[in-house]
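To convert a position in the sequence shown, counted from 1, into the working numbering, add 2.
Think of the CB as a built atom: it goes at the ideal place given N, C-alpha and C, for glycine as much as any other residue.
All of these numbers come straight from a predicted model, not from anything done at the bench.
Only one structure is covered here, and it is reproduced in the block below.
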Amino acid sequence: MLLKAIRNLLGYTIATADLMTRFGRLKRSAENQAATNATTQSMVLYQFYACPFCIKTRRAIYKLNLNIETREASYGTYREELESQGGKVQVPCLRIEENGEVTWMYESSAIIQYLQERFPA
Ligand SMILES: N[C@@H](CCC(=O)N[C@@H](CS)C(=O)NCC(=O)O)C(=O)O
């Protein structure tokens, strides 16, 4: 209980520090950004807001200037969805729906690498 509270406090502190130190986003032409936005519409990031791995992933998404919906999976419907459809409750997890196929990508480093390769600077 106490450990959980400390972990949450730390997580929210890191999340706030992240928001306060976000400089420089990738700039694209209007057309390129519109095409990128269209592609990322098929992606959703399941996350816990104060999880350090999720903060790291959100920061990379910000830097790459990607509009990816986030879903809070620490409780409720999105948690159940992540477990039943993704296979386990572990965040971050990127849900990618393309050509009628759904992929649940776990591991922050794998997600960041995938996004960097898919949307290069
Ligand atoms: N190696 C993973 C670690 C992810 C991880 O440990 N996530 C924790 C939250 S910080 C989690 O999903 N825990 C499951 C739970 O608390 O139910 C990554 O880099 O994504």
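Q. In terms of residues, what are the limits of the beta strand (DSSP E) holding Asn49?
A. As a working note, residue 49 is residue 47 in the sequence shown. As written in the sequence, residue 49 is Gln, which differs from the Asn given in the question. Taken as a continuous stretch (DSSP letters only), the beta strand (DSSP E) holding Gln49 covers Met45 to Gln49.
Q) So is the beta-carbon of Ser110 under 7 Å away from any non-hydrogen atom of ligand 1? A) Your numbering for residue 110 matches position 108 in the sequence shown. Yes, ligand 1 has a heavy atom inside 7 Å of this Cβ.
Q) Of the residues Thr72, Leu47, Gly78 and Glu74, which one's Cα is nearest the Cα of Ile113? A) Along the sequence shown, one-based indexing puts residue 113 at 111. When only C-alpha atoms are compared, the closest one is Leu47.
Q | Residue range of the alpha helix (DSSP H) that includes Ile70 | A | Locating residue 70 in the sequence shown gives position 68, counting from the first residue. Note, Ile70: premise wrong, no alpha helix (DSSP H); not H, not E.
Q.
Helix, strand or coil, according to DSSP, for Leu5 in the structure here?
A. The residue you call residue 5 lines up with position 3 of the sequence shown. DSSP places Leu5 in helix when its eight states are reduced to three.
Q: Keeping to the same chain, check which residues put their C-beta closer than 7 Å to that of Leu84; ignore five residues upstream and five downstream.
A: As a position in the sequence shown, residue 84 is number 82, starting the count at 1. Once the five neighbours on either side are set aside, the close Cβ partners of Leu84 are Tyr48, Ala75, Val91 and Cys95.
Q. Skipping 5 residues on each side, what residues in its chain have a beta carbon closer than 6 Å to that of Glu71?
A. Residue mapping note: residue 71 aligns to position 69 of the sequence shown, counting from 1. These residues qualify, in order along the chain: Val46.
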